[in-house]
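Chains as they are written, first to last, in this note's numbering: chain C, 1 to 215; chain R, 216 to 430.
Protein chains: 2
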Amino acid sequence: MDTLQKDDILKQFPQFEQPLLEEILSQSTIRQVQEGEEVLRTGQYIRSTVLLLSGLLKVYREDDEGNEFLMYYLEPGDACALSMMCTARNEQSQIMAKAVAPSEVILIPSHLSELWLGKYKSWHNFVIASYRERFEELLQTLDSIAFKGLDERLLFYLKRHVKVSGKQVRLSHQQIADELNSSREVISRLLKKLEQTGAITLHRNYIEVHDLDLV
Amino acid sequence: MDTLQKDDILKQFPQFEQPLLEEILSQSTIRQVQEGEEVLRTGQYIRSTVLLLSGLLKVYREDDEGNEFLMYYLEPGDACALSMMCTARNEQSQIMAKAVAPSEVILIPSHLSELWLGKYKSWHNFVIASYRERFEELLQTLDSIAFKGLDERLLFYLKRHVKVSGKQVRLSHQQIADELNSSREVISRLLKKLEQTGAITLHRNYIEVHDLDLV
DNA sequence: CCCCCTCTGTGACATCAGTCACTGAATGCG
DNA sequence: CGCATTCAGTGACTGATGTCACAGAGGGGG
Numbered sequence: 001m002d003t004l005q006k007d008d009i010l011k012q013f014p015q016f017e018q019p020l021l022e023e024i025l026s027q028s029t030i031r032q033v034q035e036g037e038e039v040l041r042t043g044q045y046i047r048s049t050v051l052l053l054s055g056l057l058k059v060y061r062e063d064d065e066g067n068e069f070l071m072y073y074l075e076p077g078d079a080c081a082l083s084m085m086c087t088a089r090n091e092q093s094q095i096m097a098k099a100v101a102p103s104e105v106i107l108i109p110s111h112l113s114e115l116w117l118g119k120y121k122s123w124h125n126f127v128i129a130s131y132r133e134r135f136e137e138l139l140q141t142l143d144s145i146a147f148k149g150l151d152e153r154l155l156f157y158l159k160r161h162v163k164v165s166g167k168q169v170r171l172s173h174q175q176i177a178d179e180l181n182s183s184r185e186v187i188s189r190l191l192k193k194l195e196q197t198g199a200i201t202l203h204r205n206y207i208e209v210h211d212l213d214l215v
Numbered sequence: 216m217d218t219l220q221k222d223d224i225l226k227q228f229p230q231f232e233q234p235l236l237e238e239i240l241s242q243s244t245i246r247q248v249q250e251g252e253e254v255l256r257t258g259q260y261i262r263s264t265v266l267l268l269s270g271l272l273k274v275y276r277e278d279d280e281g282n283e284f285l286m287y288y289l290e291p292g293d294a295c296a297l298s299m300m301c302t303a304r305n306e307q308s309q310i311m312a313k314a315v316a317p318s319e320v321i322l323i324p325s326h327l328s329e330l331w332l333g334k335y336k337s338w339h340n341f342v343i344a345s346y347r348e349r350f351e352e353l354l355q356t357l358d359s360i361a362f363k364g365l366d367e368r369l370l371f372y373l374k375r376h377v378k379v380s381g382k383q384v385r386l387s388h389q390q391i392a393d394e395l396n397s398s399r400e401v402i403s404r405l406l407k408k409l410e411q412t413g414a415i416t417l418h419r420n421y422i423e424v425h426d427l428d429l430v
C-alpha cells in the first residue's frame, strides 16, 4: 500500500527529491474528497498545505451575498498556492476550494512545508513555481472580468473547462452562470448564439464542444 | 553617502539582518525614478527584483487596446512581488509599474535575490510576506470588479488612494476613469453624487476627501 | 487682460446584462 | 405510463454604464 502511494506521488510530483518524497509519505495525510466536497472555506484557518494527487478542484471567490466567481482549476500535480502562503502565518483562507470530481489531496502540516523550503531545493522551487503560476492564472481571470464582455468571458471559461476535463462539458447553464457570476437566462442566450456558429452543440446537462477557436 | 543610504534602507526595511543590508548596499543599484516614469513594462524581461525605498508606485494591468486597471499601490518598504517571481525563471513581466511620485527603487540582480532566499531568513520571510500581501490586495481588487458596481468601486479606489497619499486627492476625473477602466463622464457623475452626500468636495484637479465611511 | 486649453457638468441616447414571467422539453420515479 | 421536477428557451422590461455632443469654468501664458 505504501509503495503504491509512493508511486502515485512520484507520478504527479516527479520533480521531488527522494528524501522529500519519503518525508511526504511519512509525515502527511492523504484525504479522499467526494465530488462537491469543500477542501478550503473562506474564513477557515489553514493548518496544512494542500497538494492535489488526483481528481480536480475548483478554486473560487465568494462574497457575503453568496455570489461567486471561478479563479482557476487545480489539476493533479498542482498545489494550492494560497494554502502555502496562509500556512506560513497561520492565517485564514481568503478563498474557497471545492472538488468538482472525486479527488485525493495530500495535506502537509504547515510547519513542515515551511521547514522544507530551506531543506529541499525541489520543494522550494515547487512553491515558487506554484505561486507564480496561480498568480498568472489569476491575472488572466482578472483581465477577462475587467476588459471583456460576458460573451468572451464565456468562451474563456469554456476553453479552460475543456482543457481540464475534455470536450464533453457536463454542466448546466445554471452552474456556468454561477461560476461567471451571471444569470442563467443570459448564459442560455449566449450559448445559443455559440451553437448557431457551430462551435458547440447544446444538450440537456452537457455541452459538446467542437472548436472554440472558430468564433 | 553610503552610510546615509544605509540608514535610508534600514528605515524602510528594519527587518533585514545586518549582513543582508551590507549585501544590498554593495550589490544592488539604486535608481531615481521621475513621476510618470515606468519601472516595469508588460512584456519586458525582468532581471532584477524591485524594492521601493521612497515615493509611490502604481502597479496595473494593461490590455492590447490600451485599457488599464489599477491592481495596487506599492509604498516605501514594499517589493514588487511579480518581479520576484519572474526573476526566478527569467521571464517576462505580466504587468506595468509606474511611479506616481518621484521615487527611489532598489534593483537587486535576480541571481542574488534567488540566492538570498536560502541564505537569509529575513529575506525569505520578506519574499513570502510580499507574495501574500500582493495576492490579498489583488483579491480585493478582483472582488470589487467582480461583485461591485462602479459606485462602490470608486469608493474603494478613493479610500485606497487616501491611505497612500492623503486626503487631498490630486487626480483629474479622467485619470480616475482610466484606472477604473471607465469613462470620465460616468466618474464625474458619481463624484458629483458623492459630493452631495458631503463625503468629498470637488475642485479642479483635485478632490478633498472628508469621510468616505459616511456613505 | 484676453485667449486657449484642459477640466468639469449635463442631457440624450445606445448597449449590455440582469430580472420577470412564462412555456416547453427532458428526465426520473412511483 | 403519468406526474413532478429540473433544465432550457424566449420575449418584455429595467437599470447601469458607456458614448456623443456640447456648454461653461478655471488657469496659465503671451
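Glycine is no exception: its CB is placed at the ideal position from the N, C-alpha and C atoms.
Cβ-based neighbour list, residue i, same chain, cut-off 6 Å, excluding 5 preceding and 5 following
i                      : result
residue 282 of chain R : 396
residue 252 of chain R : 314
residue 106 of chain C : 28, 30, 51, 53
residue 81 of chain C  : 130, 131, 134
residue 422 of chain R : 384, 415
Residue-level contact to chain C via CB, residue i, 8 Å cutoff
i                      : result
residue 365 of chain R : no
residue 351 of chain R : yes
residue 294 of chain R : no
residue 457 of chain R : Residue numbering for chain R in the displayed model covers 216 to 430; residue 457 of chain R lies beyond these limits and cannot be assessed.
residue 321 of chain R : no
residue 260 of chain R : no
residue 278 of chain R : yes
residue 216 of chain R : Residue placement at residue 216 of chain R is poorly supported in this model, since its pLDDT is 47, which falls under 50; the coordinates still yield a value, given next. It does not; no Cβ of chain C falls within 8 Å.
residue 354 of chain R : yes
residue 316 of chain R : no
residue 284 of chain R : yes
residue 346 of chain R : yes
Beta-carbon spacing of residue i, residue j below 8 Å
i                      : j                      : result
residue 101 of chain C : residue 56 of chain C  : yes
residue 312 of chain R : residue 69 of chain C  : no
residue 288 of chain R : residue 375 of chain R : yes
residue 328 of chain R : residue 255 of chain R : no
residue 126 of chain C : residue 144 of chain C : no
residue 61 of chain C  : residue 95 of chain C  : yes
residue 415 of chain R : residue 369 of chain R : no
residue 247 of chain R : residue 319 of chain R : yes
Beta-carbon separation (whole angstroms), residue i vs residue j, contact threshold 8 Å
i                      : j                      : result
residue 409 of chain R : residue 430 of chain R : 7 Å
residue 413 of chain R : residue 118 of chain C : At roughly 54 Å, the Cβ-Cβ gap does not stay under 8 Å, so residue 413 of chain R and residue 118 of chain C are not in contact.
residue 299 of chain R : residue 356 of chain R : Their Cβ separation, rounded to whole angstroms, is 19 Å, which puts residue 299 of chain R and residue 356 of chain R out of contact at 8 Å.
residue 337 of chain R : residue 230 of chain R : 5 Å
Proximity test, Cβ basis, 8 Å: residue i and chain R
i                      : result
residue 118 of chain C : yes
residue 8 of chain C   : no
residue 213 of chain C : no
residue 147 of chain C : yes
residue 92 of chain C  : no
residue 85 of chain C  : yes
residue 142 of chain C : yes
Contact set for residue i: own chain, Cβ-Cβ below 8 Å, skip 5 residues either direction
i                      : result
residue 377 of chain R : 384, 424, 427
residue 352 of chain R : 286, 287
residue 249 of chain R : 314, 317
residue 294 of chain R : 264, 265, 266, 267, 341, 342, 345
residue 339 of chain R : 331, 332, 333
residue 379 of chain R : 271, 288, 290
residue 407 of chain R : 417
Own chain, CB closer than 7 Å to residue i, minus 5 neighbours either side, in chain order
i                      : result
residue 387 of chain R : 420
residue 227 of chain R : 268, 291, 292
residue 335 of chain R : 232, 235
residue 389 of chain R : 399
residue 393 of chain R : 283
Determine which residues of the stretch 227-240 of chain R have a Cβ less than 8 Å from any Cβ of chain C, and write them out in chain order.
-> none
Near-chain R residues of the stretch 171-191 of chain C - C-beta to any C-beta below 9 Å = 181
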